[in-house]
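A short write-up of the structure that comes next.
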Amino acid sequence: MGCLRGLERAGVMDRIDLGGLFLHFLILWFVAIGGPSTILPDIHRYLVDVHHLLTNTQFADLYTLAQVAPGPNAMYVTLIGWHLAGWAGAAATTLPMLVPASTLTLLVGHLNERYPDAPIGHAIRRGLTPITLGLVFASSTILMRAVNHDWRGYLITLLTVAVVLRKPWNPLWLFAGGALAGILGFV
Amino acid sequence: MEQPESHKPNVSRLALFLSFSRISLSSFGGAIFWARREIVERQRWFAEREFLEMFTVGQLLPGPNVLNLTVMVGYRFAGWTGAAAAVAGFLGWPCLVVVGMGVLYQQYGALPQVQQALTGMSSVAAGLLLATVIKLATVLPRHWRPWLFGALAFVGVGVMRWPLLWVMGALAPWAVFAAWKEQE
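One line per chain: the protein sequences are E and A, in this order. Each number in the working numbering comes from the position in the first sequence (counting from 1) with 8 added on. Each number in the working numbering comes from the position in the second sequence (counting from 1) with 209 added on.
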């Protein structure tokens with residue numbers, strides 16, 4: 009089975025255009041205002057729907073695995089890149105993240121220091137917050153459709169929401185609960 | 210006149226690397242809490258207000274906001290190489306961890322028990338995103354315009370499955386302009 013998976017992986021690697029992947033993620037990272045969760049729908053569209061490089065389940069698995077790793081939650085992008093094409097794939101999806109961070113950040117940081125009360129910063133934040141909200145909502149529905157096959161999956165999702173809104177628990181405990189529910193055959 | 214808080218301590222590239230490694234490795238589910246604790250409380254590199262300002266700039270910009278903060282802090286103390294040292298600490302370790310997870314996933318991901326556990330965890334991951342949406346929604350003004358923009362972004366990207374670049378290109382300038390007009 010390991011051999012079969014290896015072949016399957018080699019097949020996927022042949023079909024991957026690393027330059028195209030890099031370029032797509034470069035564009036995505038420039039519009040990822042509101043954080044890494046806002047680009048999840050487009051990554052899913054590009055890799056699952058358009059290029060068929062990942063199945064729905066693989067996409068959800070890789071996203072979820074990265075959420076239990078330490079560090080910024082953007083690391084799901086690195087894991088997806090690595091799964092597709094090893095270190096080169098991880099570089100193709102992760103390095104573009106540094107481009108806006110190292111150009112725009114310093115530019116805007118500089119401007120902000122010179123004009124600390126410029127109203128445009130306020131307008132950008134206020135204007136884009138609702139869009140971030142719509143995009144993160146899209147991310148959650150895409151993930152739900154990928155993994156929740158019946159009411160039990162949705163119940164776990166809703167329970168998670170209820171707990172997060174009421175208790176300041178570390179999300180790792182919730183993931184442990186989800187894993188347990190899965191192993192016990194609840195989902 | 211020099212403000213007292215713009216006095217910068219001397220911070221080496223190694224110290225930047227180590228501090229951001231510590232932030233990264235201790236942050237499960239949101240790095241900002243740990244970043245503030247390390248930078249403001251432990252190392253006292255910045256005052257609370259300065260830190261908040263940098264965080265705000267980081268949030269305004271695309272990408273992970275704590276990564277943007279990492280670049281700003283590293284650059285302020287030691288220029289480009291300082292930024293590189295801070296980023297290496299912040300991203301290097303989680304990269305190794307997720308690659309380790311990737312190896313395990315390719316080995317064992319197809320086992321039924323692993324698949325079941327991952328399905329349950331993914332339902333939780335979806336719930337965490339949904340909770341974020343609800344928290345964001347409570348701070349949104351009670352006015353039709355922001356809700357319209359949120360709904361349009363959701364429908365365009367989540368239902369119609371249009372490319373994000375088109376949707377952002379159409380909505381973002383319009384949304385910022387509307388917020389700007391409202392301010393005046």
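For glycine and all other residues, C-beta sits at the position ideal for the given N, C-alpha and C. Just so you know, these numbers come straight off a predicted model, no measurement behind them.
Is it buried or exposed, residue 378 of chain A, if we count other Cβ atoms within 10 angstroms and call 16 or more buried? exposed
| message | I want to verify the contact list: residues of chain A whose CB lies under 8 Å from the CB of residue 31 of chain E, in sequence order. | response | In chain order: nothing, as chain A lies at least about 12 Å away.
- Is DSSP giving residue 11 of chain E helix, strand or coil here? Its pLDDT being 44, under 50, residue 11 of chain E is placed unreliably in this model, and the coordinates cannot settle the point.
| said: Against residue 53 of chain E, what residues of chain A qualify as contacts under a CB-to-CB distance less than 9 Å, listed in chain order? | reply: 366, 370, 371, 372 and 373
Could you tell me the boundaries of the alpha helix (DSSP H) in which residue 379 of chain A lies? 373-392
Reduced DSSP category for residue 24 of chain E - H, G, I as helix; E, B as strand; rest coil = coil
| task | Give the straight-line distance between the Cα atoms of residue 80 of chain E and residue 303 of chain A, rounded to the nearest whole angstrom. | result | 8 Å
Practice task
Run the CB neighbour count on residue 37 of chain E, radius 10 Å, all protein chains shown included, and call it buried at 16 or more, exposed below.
Solution key: buried
Subject >> Three-way DSSP call (helix, strand, coil) for residue 271 of chain A in this model >> reply: strand
Task: For residue 164 of chain E and residue 469 of chain A, believed in contact at Cβ under 8 Å, the rounded distance - done: In the structure displayed, chain A extends from 210 to 393; residue 469 of chain A sits before or after that span and is not available.
TODO: For chain A, find out if any of its Cβ atoms is closer than 8 Å to the Cβ of residue 71 of chain E; answer yes or no.
DONE: yes
Classify residue 369 of chain A: buried if its beta carbon has 16 or more other beta carbons within 10 angstroms, exposed otherwise. exposed
_For residue 126 of chain E and residue 241 of chain A, what's the separation of their Cα atoms in angstroms?_
25 Å
**Prompt:** Between the C-alpha atoms of residue 325 of chain A and residue 190 of chain E, what's the straight-line distance to the nearest angstrom?
**Reply:** 5 Å
According to the Cβ coordinates, are residue 111 of chain E and residue 267 of chain A closer than 8 Å? no
Margin query: Along the segment 125-145 of chain E, where does the CB come closer than 8 Å to a CB of chain A? Name the residues.
Written below: 127, 128, 129, 130, 131, 132, 133, 134, 135, 136, 137, 138, 139, 140, 141, 142, 143, 144 and 145
Practice item. Can you pull the chain A residues whose beta carbon is under 8 Å from the beta carbon of residue 25 of chain E, in chain order? Key: By Cβ distance, chain A contributes nothing, its closest Cβ being about 17 Å from residue 25 of chain E, past 8 Å.
From residue 356 of chain A to residue 287 of chain A, what distance separates their C-alpha atoms? 43 Å
Spatial distance of residue 12 of chain E from residue 374 of chain A (CA atoms): Interpretation of residue 12 of chain E is limited by its pLDDT of 45, a score under 50 that renders its predicted location unreliable; the figure taken from the coordinates is listed afterwards. Each residue's Cα considered, the two are about 37 Å apart.
*asked:* According to DSSP, is residue 214 of chain A part of a helix, a strand, or is it coil?
replied: Below a pLDDT of 50, predicted positions are generally treated as unreliable, and residue 214 of chain A, at 49, falls in that range; the measurement from the model is reported next regardless. Reduced to three states, the DSSP call for residue 214 of chain A is helix.
Review point. Taking Cβ-Cβ distances below 9 Å as the criterion, which residues of the segment 166-183 of chain E are in contact with chain A?
Key: 166, 167, 168, 169, 170, 171, 172, 173, 178, 179, 180, 182 and 183
Proximal residues of chain E, C-beta to C-beta of residue 340 of chain A below 8 Å: 168, 169, 172 and 173
_By alpha-carbon positions, which one of E:56, E:99 and E:134 ends up nearest to residue 354 of chain A?_
E:134
Rounded to the nearest angstrom, what separates residue 186 of chain E and residue 337 of chain A at their Cα positions? 12 Å
* Name the residues in the segment 215-237 of chain A whose C-beta lies less than 8 Å from a C-beta of chain E; which are they? -> 233, 234, 235, 236 and 237
Notebook entry, point to check: So, does the CB of residue 159 of chain E fall closer than 8 Å to a CB anywhere in chain A?
Noted result: no
- Whole-angstrom Cβ separation of residue 140 of chain E and residue 41 of chain E, contact assumed at under 8 Å? 7 Å
- Query: Which first and last residues belong to the alpha helix (DSSP H) in which residue 227 of chain A is found?
  - Reply: 222-235
Check: Mind checking residue 228 of chain A: buried by the 16 CB within 10 Å criterion, or exposed?
Finding: buried
**Q.** Interfacial residues, the segment 235-265 of chain A to chain E, with Cβ spacing under 9 Å
**A.** 235, 236, 237, 238, 239, 240, 262, 263 and 265
*Are the C-beta atoms of residue 328 of chain A and some chain E residue less than 8 Å apart?*
yes
Skipping 5 residues on each side, what residues in its chain have a beta carbon closer than 7 Å to that of residue 371 of chain A?
365
* Apart from the five residues on each side of it in sequence, which residues of its chain come closer than 6 Å, Cβ to Cβ, to residue 225 of chain A? -> 283, 291, 294 and 295
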